[in-house]
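Below is one structure; the comments refer to it alone.
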Amino acid sequence: MINTTTDNIDATIPIGNNPKAIIYNPANDLIYVTNSNSGVISIINTTTNLITDTINIGNSLGTGLFGIEINPINNTIYVTNRGLNIISLINGTSNTLMGNISQTIGKFFSPDGIAYNYDNGNLYVTNRGSDTVSVINSTTKTLIKIISTDGIAPSSIIYNPVNNYLYVANTGSDTVSVINGTTNDVVKTISTDARPIGITYNEYDGNIYVTNSINGTVSVIDGLLNTVIDTIEVFGNNNNLTGIAFNSNNENVYVANTNAGSISILG
Amino acid sequence: MTEKGPPGYSTNYSNGCEGKIKAGQAKVCIITNEVNPPQPVIPPQSRLSVIGTISGFTSPYGMAFKSDNNLLYVTNSGMLNNMS
Numbered sequence: 259m260i261n262t263t264t265d266n267i268d269a270t271i272p273i274g275n276n277p278k279a280i281i282y283n284p285a286n287d288l289i290y291v292t293n294s295n296s297g298v299i300s301i302i303n304t305t306t307n308l309i310t311d312t313i314n315i316g317n318s319l320g321t322g323l324f325g326i327e328i329n330p331i332n333n334t335i336y337v338t339n340r341g342l343n344i345i346s347l348i349n350g351t352s353n354t355l356m357g358n359i360s361q362t363i364g365k366f367f368s369p370d371g372i373a374y375n376y377d378n379g380n381l382y383v384t385n386r387g388s389d390t391v392s393v394i395n396s397t398t399k400t401l402i403k404i405i406s407t408d409g410i411a412p413s414s415i416i417y418n419p420v421n422n423y424l425y426v427a428n429t430g431s432d433t434v435s436v437i438n439g440t441t442n443d444v445v446k447t448i449s450t451d452a453r454p455i456g457i458t459y460n461e462y463d464g465n466i467y468v469t470n471s472i473n474g475t476v477s478v479i480d481g482l483l484n485t486v487i488d489t490i491e492v493f494g495n496n497n498n499l500t501g502i503a504f505n506s507n508n509e510n511v512y513v514a515n516t517n518a519g520s521i522s523i524l525g
Numbered sequence: 107m108t109e110k111g112p113p114g115y116s117t118n119y120s121n122g123c124e125g126k127i128k129a130g131q132a133k134v135c136i137i138t139n140e141v142n143p144p145q146p147v148i149p150p151q152s153r154l155s156v157i158g159t160i161s162g163f164t165s166p167y168g169m170a171f172k173s174d175n176n177l178l179y180v181t182n183s184g185m186l187n188n189m190s
């Protein structure tokens with residue numbers, strides 16, 4: 259954990275195999291981590307900062323847990339499983355596996371990122387293998403629509419609560435697709451630097467921040483105009499920028515430099 | 107003599123618009139309203155740049171921020187059993 263007051267590492271917590279995505283659940287004050295290689299979700303108590311529970315998703319293929327999202331209305335955690343092409347549901351009260359969503363028609367294809375639309379309660383899942391986004395009704399757990407992204411290898415996705423749009427990083431085509439959360443149509447495709455992969459919404463300035471893993475840059479997309487207004491040089495080429503997060507206390511943005519083993523602070 | 111022009115225009119007066127006139131005297135006053143040139147549009151910019159770097163991770167990947175304890179949780183994807 260990084261103490262963002264001092265910007266020092268406070269502690270290191272033993273986790274599972276190849277931890278990837280991570281999310282904080284304000285409903286129960288717990289952190290959930292997807293361990294991609296073992297098919298296990300680790301749950302951390304944020305008071306003690308110790309593992310309190312693990313949930314085995316049962317990934318027989320060995321790899322695949324990637325994205326994670328929370329539905330605050332019903333306190334359900336959703337996990338994308340690229341190996342099994344399913345979305346697993348975890349009850350945030352009991353921390354048990356509730357079941358899976360697996361489409362017979364309009365099947366998930368290497369599902370990666372997932373985002374919850376606070377306006378209509380739908381889930382948006384990027385299918386990295388079919389260049390699409392599946393729209394799922396989180397109540398009925400049924401497919402509403404499959405959206406062609408107009409890009410290649412869609413990965414991370416983020417929701418903008420101001421305009422009810424969703425932004426998809428298309429890792430294979432160096433673009434971001436903008437989806438209208440009401441009509442579920444792609445309304446714009448924005449060019450970025452090479453290999454966009456991580457994406458976050460900055461609630462302070464209303465902009466979308468995208469890590470470009472090849473160029474070592476972050477593209478800043480105006481959240482109203484939907485145009486790139488800045489490209490920030492972060493860590494040079496080929497340092498594999500990946501995750502990105504917004505700190506609502508100090509309004510800084512944190513960028514994971516995966517190859518360099520460091521975190522850059524944008525402020 | 108003065109006149110207030112419409113918004114976005116500048117008002118110019120000829121020499122005949124100045125001073126006073128006597129009874130029976132005639133003066134020609136010409137008032138011209140010229141449209142103002144458009145102001146240059148300054149594109150919006152991000153206010154952010156790199157202000158620091160924290161080392162000591164192994165293939166950091168995902169991050170989650172918890173505001174009440176001001177902690178940022180980072181997954182170290184390249185190592186087994188590790189998260190900072």
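The listed protein sequences derive, respectively, from chains A and B. Position one of the first sequence corresponds to residue 259 (this note's numbering), numbered consecutively onward. Position one of the second sequence corresponds to residue 107 (this note's numbering), numbered consecutively onward. C-beta atoms are modelled at their ideal positions from N, C-alpha and C, and glycine is treated no differently.
Closer than 8 Å to chain B by CB, residue i
i	result
A:L288	no
A:V445	no
A:G501	yes
A:M356	no
A:S413	no
A:L524	yes
A:D370	no
A:I405	no
A:I301	no
A:S471	no
A:P330	no
A:G320	Any reading at A:G320 needs caution, since the residue's pLDDT is 47, under 50, leaving its predicted position unreliable; the model's value is listed next. Chain B, which has no Cβ nearer than 8 Å to the Cβ of A:G320, makes this no.
A:V383	no
A:Y376	no
A:D311	no
A:I335	no
A:T454	For the sequence presented, residue 454 of chain A should be read as Pro rather than Thr. A:P454 does not count as touching chain B.
A:V436	no
Classification of residue i by the beta-carbon crowding that lies within 10 angstroms, buried from 16 upward
i	result
A:T397	exposed
A:G320	Note that A:G320 has pLDDT 47, beneath the 50 cutoff, so the model's placement of it is unreliable and the number below is only indicative. Exposed: under 16 other Cβ atoms inside 10 Å.
A:L323	buried
A:R453	buried
A:N505	buried
A:K278	buried
B:G125	exposed
A:I313	buried
A:S294	buried
A:S477	buried
A:G456	buried
B:D174	exposed
B:R153	exposed
B:G130	exposed
B:A132	exposed
A:V445	exposed
A:S406	exposed
A:D311	exposed
B:S155	exposed
Any C-beta of chain A under 8 Å from that of residue i
i	result
B:P166	yes
B:A170	yes
B:I137	no
B:S116	no
B:V180	yes
B:V156	yes
B:G125	no
B:G162	yes
B:N187	A caution first: B:N187 carries a pLDDT of 41, below 50, which makes its placement in the model too unreliable to give a value.
CB contact check: residue i to chain E, cutoff 8 Å
i	result
A:N421	Structure shown: chain E not included; protein chains present are A and B.
Close beta carbons around residue i, own chain, < 6 Å, minus the five adjacent residues each side
i	result
A:S296	G274 and N275
A:N418	Y459 and G481
A:K403	V393 and N442
A:S352	none
B:G168	T181
B:S183	S165 and Y167
A:N498	S471, T516 and N517
Supposed close pair residue i, residue j - CB separation, criterion 8 Å
i	j	result
A:I472	A:N507	About 31 Å separates the two Cβ atoms, so there is no contact after all.
A:T384	A:V391	5 Å
A:Y290	A:I345	With 8 Å as the limit, A:Y290 and A:I345 do not qualify as a contact, their Cβ atoms being about 14 Å apart.
A:A503	A:V468	Actually they do not touch by this definition, with Cβ atoms about 13 Å apart.
B:G122	B:V141	With a Cβ gap of about 23 Å, B:G122 and B:V141 do not count as contacting.
A:G464	A:D377	About 16 Å; that fails the 8 Å criterion.
A:M356	A:I348	6 Å
Beta-carbon proximity list for residue i, same chain, < 7 Å, skipping 5 on both sides
i	result
A:N261	D268
A:D265	I523
B:N187	Here B:N187 scores only 41 on pLDDT, less than 50, and its place in the model should not be relied on; the value that follows carries that caveat. If we look at B:N187 and ignore the five residues flanking it on each side, it has no Cβ neighbours.
A:Y462	E509
A:V490	Rather than Val, the amino acid found at residue 490 of chain A in this sequence is Ile. The answer, listed in chain order, is T475, V476, V478 and L524.
A:N307	M259, A269 and I271
8 Å CB neighbourhood of residue i in its chain, flanking five on each side removed
i	result
A:G379	N329, I331, N395, S396 and T397
A:N375	L381, Y382, Y417, N422, L424 and G439
Proximity test, residue i beta-carbon vs the ligand MG heavy atom, cut-off 7 Å
i	result
A:D451	No copy of the ligand MG occurs in the structure displayed, which carries no ligand at all.
Q) Three or more beta-carbon pairs under 8 Å between the stretch 402-415 of chain A and the stretch 362-371 of chain A, yes or no? A) Flag = yes, the stretch 402-415 of chain A and the stretch 362-371 of chain A touch.
**Q.** Cβ pair count under 8 Å reaching 3, the stretch 112-121 of chain B against the stretch 507-520 of chain A
**A.** Segments in contact, no.
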